[in-house]
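Here is the structure we will look at, set down as structure tokens.
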Amino acid sequence: MPAPIALVDCNNFYASCERVFQPKLRGRPVVVLSNNDGCVIARSNEAKALGIDMGAPWHLNRDKFEREGVIVRSSNYTLYGDMSGRVMRTLGGFVPDIEIYSIDEAFLSLEGLEDRMYRQMREARAAVLQWTGIPVSVGIAPTKTLAKVANRIAKKTPESGGVLALMTEVEQTAALAGLKLTDLWGLASRMEARLHAIGITSPLQLRDADPKWIRTQFSVVMERMVLELQGISCLALGLEAADRQTTMASRSFGRPVVTLTDMQEAVATYISRAAEKMRREGLVTPALQVFVTTNRFREQDRQYTGQHTVHLPVATSDTTRLIKAALHGLQRIWQPGFSYKKAGVVCLDLHRAETVQGTLFHAPDSPERMQLMAGLDALNKRYGRGTVGFAAGGLKQTWALRSEQKSAAYTTQWAELLEA
């Protein structure tokens, strides 16, 4: 039998993070809004019980939320990212290997722990709750796909104590019998319709199908899903994170941007964030793309989308070089007379900084420049993003997105530490 895999998923992660530092929110309906306070992207169980849908627009539901006592918070990704790191570090102390799958999910290898996997996962779950305040659910199975199924059931069955294993065929059959096709990991409604067309209407029927035949009808991805449902592992733990190929920084504006000055501030701010991210991962970019767009949902407005790619003489992560290049790209696509809703930059073809070679006329980033950038990053990490920046990014940033309900950065900024 293959070594068990556990999927640990934080329960209602964003809402749970908000509750850690505000205990008064426990037992009350909590929703978290998307960037610019647009729509609901996370809900506590109490909010779900009120029938609040994911994606519900804030501006259309404000009065309803107030009547029903719903606590509303703007998304606070600095807090969520820091709390995620604490959860993952805690989990890593209980298992030999961990694959961080997303901000609130991780796959754990239970190799060598087969005889005590339940106890180990219960202890890990209790430690995460005690040390971080975040509740988690754990699903254990021979494959990632079945671990996802186990986790889903663990969340919905209090008697499981938050930890559920599907290691035998009998357990797996009983679990799959209670699910729809779209409850399976990665199976969307469009694929469900195609499966229905060939007579497969349930997860059990999909599991019992011939994997090779499924591949001829669909793809190797669907073949792997069938094999995984049969308990044959096809998706190994990704223990080595591959270097990213691109990185993007983009946000919608808090109000329409109509002047070039405001747009230049926004683009300079976004490329600064992308540069910081690249330096943190030891990457550089030889090219970047700048884009701007109007609000396509405002049909009464004139519409425009522009983008331009700027190739750099030598790959870099130096913010000053990247700001200059990004503003050059913006100048090529800027059109006056439009109300812009969003802008962003994408750094392309990323590769390791140590592989960069200069040219006859252009040298790679010098150690002195990188020391300056490292100092900038260190100050912003210690005192909060934006503590030190470039004048091109502006000071007031009246174009910035709205976060009227945002909680404090309790874990990452000294000035916002929780007070007794």
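Letter by letter, the sequence shown follows residues 1 to 420 of this note's numbering.
All residues carry an ideal CB built from backbone N, CA and C; glycine is no exception.
Values in this document were obtained by computation on a predicted structure and should not be read as measured data.
- In this structure, Leu327 is the residue among Thr320, Leu327, Arg296, Arg302 with its C-alpha nearest to the C-alpha of Thr309.
- When DSSP states are grouped into helix, strand and coil, Pro2 belongs to the coil group.
- Residue state for Ser272 is assigned as helix, using DSSP reduced to three classes.
- The beta carbon of Leu176 sits closer than 8 angstroms to those of Val149, Ser202, Pro203, Leu204, Arg207, Leu229, all from its chain and outside the five residues before and after it, given in chain order.
- If you compare the alpha carbons of Thr216, Trp131, Ser102, Val70 with that of Gly93, the shortest gap goes to Trp131.
- Taking C-beta separations shorter than 6 angstroms and ignoring five residues to either side along the sequence, the partners of Ala392 in its chain run Ala268, Ile323, following chain order.
- Residue pairing of Arg352 in beta bridges, as defined by DSSP: Leu283.
- Going by DSSP, Ile323 is part of the alpha helix (DSSP H) stretching over 319-333.
- The beta carbons of Ala3 and Glu99 sit no closer together than 9 angstroms.
- When beta bridges are read from the DSSP output, Tyr340 appears opposite Val257, Thr294.
- The DSSP assignment places 13-20, 45-49, 58-67 as complete runs of the alpha helix (DSSP H) inside the region 8-84, in order along the chain (cut-off: 4 residues).
- In the structure shown, Asp97 adopts extended strand secondary structure according to DSSP, grouped into three states.
- Secondary structure of Pro313 (DSSP, three-state): strand.
- Arg302 sits in coil when the DSSP states are folded into three classes, being neither helix nor strand.
- Looking at Ser34, Arg67, Arg19, the one whose alpha-carbon comes closest to that of Ala56 is Ser34.
- Bounds of any beta strand (DSSP E) do not take in Leu229; it lies within the alpha helix (DSSP H) bounded by 220-229.
- By the beta-carbon neighbour count (other beta carbons within 10 angstroms, threshold 16), Gln331 is exposed.
- Nearest in C-alpha terms to Val95, of all of Arg280, Arg279, Arg119, is Arg119.
- Nearest neighbour of Gly238 by Cα position, chosen from Lys144, Ala197, Glu68, turns out to be Lys144.
- Burial is judged here by how many other beta carbons sit within 10 angstroms of a residue's own beta carbon; Leu395 has fewer than 16 and is exposed.
- With a 10 Å radius around the Cβ and a threshold of 16 neighbouring Cβ atoms, Val170 comes out exposed.
- Three or more beta-carbon pairs separated by less than 8 angstroms are not found between the region 156-166 and the region 246-253, which leaves the two stretches without contact.
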